[in-house]
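Sequential numbering of the sequence shown, starting at 1, is according to UniProt numbering.
Even glycine gets a Cβ: it sits at the ideal position worked out from N, Cα and C.
For reference, the structure is listed below as structure tokens.
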Amino acid sequence: MVSKNEKSPDNSKKPDNGMQKRGEEEVMAGKSSLLQVPVKRASDEDNPNLADTDSLQKENNKRNTKNIILEVSGIQRTPQKRKYPYWVKHSAGRENTEKENTDLTDMKIKIETLKTKPVLETVQFNSFPPETQKIIDPETTYLEKNSDPEKKLSGSSQVALEPKSPVSPETAPEKKVELIPETKKKGIFPPEIRPQAQKMKIKKKSRFLGKMKDLTRDIAGIKESEKLSDKLKEFFDEVKTPEGAKKKFAEVVQSLKDEELRVLPPYDPVTCGPLLEYEIPSGFTEIERYWVEEPYAFISIIENLEMKYYYVVEPTLSTYEKAVLERVRDNLEDMLTQDDMISGQDKDVILINRGMRLLDQYYSTLEVSSIHKIMYFLRRNFIGYERINALIRDPNIEDISCSGIEIPIYLYHMKHNNIVTNILFGEKEVDSLVVKLCQRSGKHISIGEPIVDATLPDGSRIQATLGKEVTTRGSSFTIRKFNGDPITPIDLIRYGTCSIEMMAYYWIAIENNISVLFAGGTASGKTSLMNAISLLIPRLSKVVSIEDTREIMLHHENWIAGATRKSFTVGGTGEVSMYELLKAALRQRPEYILVGEVRGKEALTLFQAMSTGHTTYSTMHASDVQTVINRLENEPINVPHVMMQALGVICIQMQTYVNETRVRRTKTIVEITGLDARSGSLRINELYRWEPVHDNFKRAGDSYVLNEIMKARGWNPDKLFIEFKNREQILAYLTAKQIRDYVSVSLIVHMYATNPQLVMEAVGNDTLQDMVMHHS
């Protein structure tokens, strides 16, 4: 290397390209970690007047240094027309021109030092001043770790640029390489903007795993004297890689799943004392008491000279217990999340777990009885139906009616008929409860739409109104409870609703695709009867049901349950009526169609379906057969008499009293036999009627329907008689043995359809019950 004060040898006019070529060859062979950037050089052809003088050499060196910086930064140099020849110094508008000049002849090339790649450290690109960021690529800027920021750039301290992904020596393209020269004083970057002078941080826009890697790299650079906790070090050591992060996250999730659930231990009234305190009001006599949720709530039926009362007894809270309940309820509202709801766990389990943890954490001194009281009200209000929860849980209740503000709730009890309760609501409380009931049913109620018909999650039907616009006494609701244990044909026989002979008749008629219409007044048992005899439908048949509000509950797997939908818009678009559902059902190839109640134009479509061979069952509000016919042939139904011939049987249900007890009975069963040729009216055949004097059923005549079935099946009268008596014998056996659950009844009906001889032998040998239990 030639000193700057010494004169160049004779060949100084022409630079020694041998050294440059050797350096380029070794760099291209992978011995240098410098950025391989092609730099455009000024040649002799570009400068024909180049002279061997100090001034001209310095000018040439200055121009080459600028070219290097421009090439590194990627800035294209635009040629400009000079005002003066290039050998004339022009410093107008410049400062410290001499500091920027470098001597190319002073550049020290030490290829041996490039054999080992220097240790590099990532530099925060955003820490550079704006003017520097313009010429630095943030993705390819690295700095030697051992370089001293305070020293001048010399042979032992060089700024090196390295590509993000080094090119292998075998595949590396041939590029011209120019080494960055030393500077006399400050180098390329002044000390105040050098990368080493800035705090070593990393800021990158990356995804979660990228941030974890960057954060881990930062933590690795922190001095040990800062004493990072062992747990934090261990955590970040595990999540250095994406695989480690995923593994750690899976462990955390699993630990949450494996978290031991808190449970509410059973309450022992003997050791902890009773939770309930109740005294019969003076002037009343208790006639019945039973639990609805032991040991937290029971029902006391009391009466005086005027009437009976349905008294709900629940725990009484002290002032402190009320305050704790309020505090825990507020905390639970913050803790319960959507993740809890979709976790697959039972709501009661989740609520008990969260509530018990809060009570243990903040109120560990509470007595056992207080904990049970508080948890009861939390579960009642969060999961249950608040103050009417005991009424919903009572299996003896059929209807629950709230008529308005400050009016006691009325019930229809199976044993005590209409009865008043000790529960009443204020205005805000009843409004809130109505909104909650509708939300539980998946419906919206508001002042704009104050009337809602819906179905509660347990299947109970609710009709609710909000405010005083449509019900002047305030918000109201009526709940017609759904019996979780379905009524079966055996239950109807035991209740006396119909006889064994009548049920055997239904069995043969349904099995042979005879359409039936069930009519009667309100709460007469129309839908219950239709639900019960639906168990007699062959097990594998396709069934489609259509309703305004869900009341039909079948137990066939191949069952499509349709329900109407109101419009979501003012214009009425999007509404799905029973008529449209019925039209859609006819395209689904059903074998049996069940319609909740016919009252409009859908009835005409229903009779058209009967005429085309579809077996249909439906209900209608009418008190006798003539009323049924009048409703069908007049507005708004308008079914012609010709189409009514497709209907096989009409059953009239009624609610009446027997020995001062309210009961439901089948008033009459009639068959439609055709049209009268002279008058054009329908001919009917009364088959069974109820005798109120003896509370029994009398057969009024021979069956036209059974006679038609006998002809269609090719049976003789003896075969028809045997089939009828076999069904009577099976039903009598099930009634005597009290085999009444819907699973067993459905199984026996299916077994008789596939192997009647086996079933009859089991009935004769008294082994049918064991057979059912074995198959169940």
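Expected contact under 8 Å - CB spacing of residue i and residue j to nearest Å
i    : j    : result
I739 : I490 : 7 Å
W559 : S545 : 7 Å
Y296 : P315 : 6 Å
L535 : Y742 : 6 Å
M414 : S515 : So it is not a contact: roughly 32 Å between Cβ atoms.
D399 : K481 : 7 Å
F697 : M502 : 6 Å
6 Å Cβ shell around residue i - same chain, five flanking residues per side excluded
i    : result
V658 : D695
S476 : C402, S403, G404, T465
K110 : Low local confidence applies: a pLDDT of 44 at K110 is under 50, so the model's placement there is unreliable, and no value is given.
H614 : I593
V625 : I650, V670
V368 : C272
G600 : P636
P590 : K542, V544
M335 : R354
Residue i to residue j span [Cα, whole Å]
i    : j    : result
S744 : W291 : 29 Å
R494 : L687 : 21 Å
I299 : E429 : 23 Å
L272 : R440 : Position check: residue 272 holds Cys in this sequence, whereas Leu was assumed. About 36 Å.
E260 : Y362 : 19 Å
S370 : K566 : 47 Å
A646 : E635 : 20 Å
R327 : F425 : 24 Å
N396 : M643 : 42 Å
I280 : P266 : 27 Å
T472 : T754 : 59 Å
L287 : V270 : Correcting the residue type first, residue 287 is Ile in the shown sequence and not Leu. Roughly 26 Å separates the two Cα atoms.
A584 : T605 : 11 Å
I445 : L456 : 14 Å
I672 : A712 : 17 Å
I537 : D770 : 24 Å
T616 : M375 : 49 Å
S679 : M760 : 47 Å
D394 : H372 : 21 Å
G701 : Y506 : 16 Å
I407 : M307 : 16 Å
T612 : L554 : 24 Å
Other residues of its chain near residue i: CB distance less than 7 Å, five sequence neighbours each side excluded
i           : result
E427        : I405, G474
K540        : Strictly speaking, residue 540 in this sequence is Leu, with Lys absent from that position. Contacts found: N558.
S524        : Q653, M654, Q655, R664
K443        : V452, A454
K563        : A quick correction: the sequence has Ala, not Lys, at residue 563. Within the same chain, A563 has close Cβ partners E547, R550.
residue 779 : Coverage of the chain is limited to positions 1 through 776, which leaves residue 779 absent and any answer about it impossible.
residue 811 : No information on residue 811 is available, as it lies outside the stretch 1 to 776 that the chain covers here.
M620        : L517, A519, E597, V598, V628, R631
A504        : F724, R727, E728, L731
R380        : E386, N389
K737        : Q769
R329        : L378
Close-in-space but distant-in-sequence residues of the same chain around residue i (CB under 8 Å, 5 per side omitted)
i    : result
L332 : L351, R354, G355, L358, L378, F382
Y309 : F284, I301, I302, E303, I419, V420, T421, N422
M710 : N716, P717, K719, L720
M773 : none
K667 : G520, D624, I652, Q653, M654, R689, W690
E633 : V639, P640, H641, M644
R662 : N417, Q655, T656
E469 : I447, P450
Beta carbon proximity, residue i to chain C, threshold 8 Å
i    : result
V658 : Within the model displayed, chain C is absent; a lone protein chain is all it includes.
_Please give the ranges of any alpha helix (DSSP H) in the region 396-480, keeping only runs that are unbroken, at least 4 residues long and fully inside the region._
427-440
*At what residue ranges does the region 492-537 contain a whole run of the beta strand (DSSP E), taking only runs of 3 or more?*
516-520
*Take every Cβ of the region 416-428, pair it with every Cβ of the region 480-494, and state whether three or more of those distances are shorter than 8 Å.*
no
*Should the region 385-403 be called in touch with the region 285-301, which here means at least 3 C-beta pairs below 8 Å?*
yes
*asked:* Across the region 757-775 and the region 498-518, are there enough close Cβ pairs to call them in contact, namely three or more that are closer than 8 Å?
replied: no
*What runs of the alpha helix (DSSP H), each 4 residues or longer, lie entirely inside the region 255-306?*
269-272
*Residue ranges of each alpha helix (DSSP H) run of no fewer than 4 residues wholly in the region 656-743, ordered along the chain?*
704-713, 717-737
_Please give the ranges of any beta strand (DSSP E) in the region 616-641, keeping only runs that are unbroken, at least 3 residues long and fully inside the region._
none
*Tell me the start and end of each unbroken alpha helix (DSSP H) in the region 347-375 that is at least 4 residues and wholly inside, in chain order.*
347-362
*What beta strand (DSSP E) runs, 3 residues minimum, are completely inside the region 532-609?*
543-547, 559-563, 592-595
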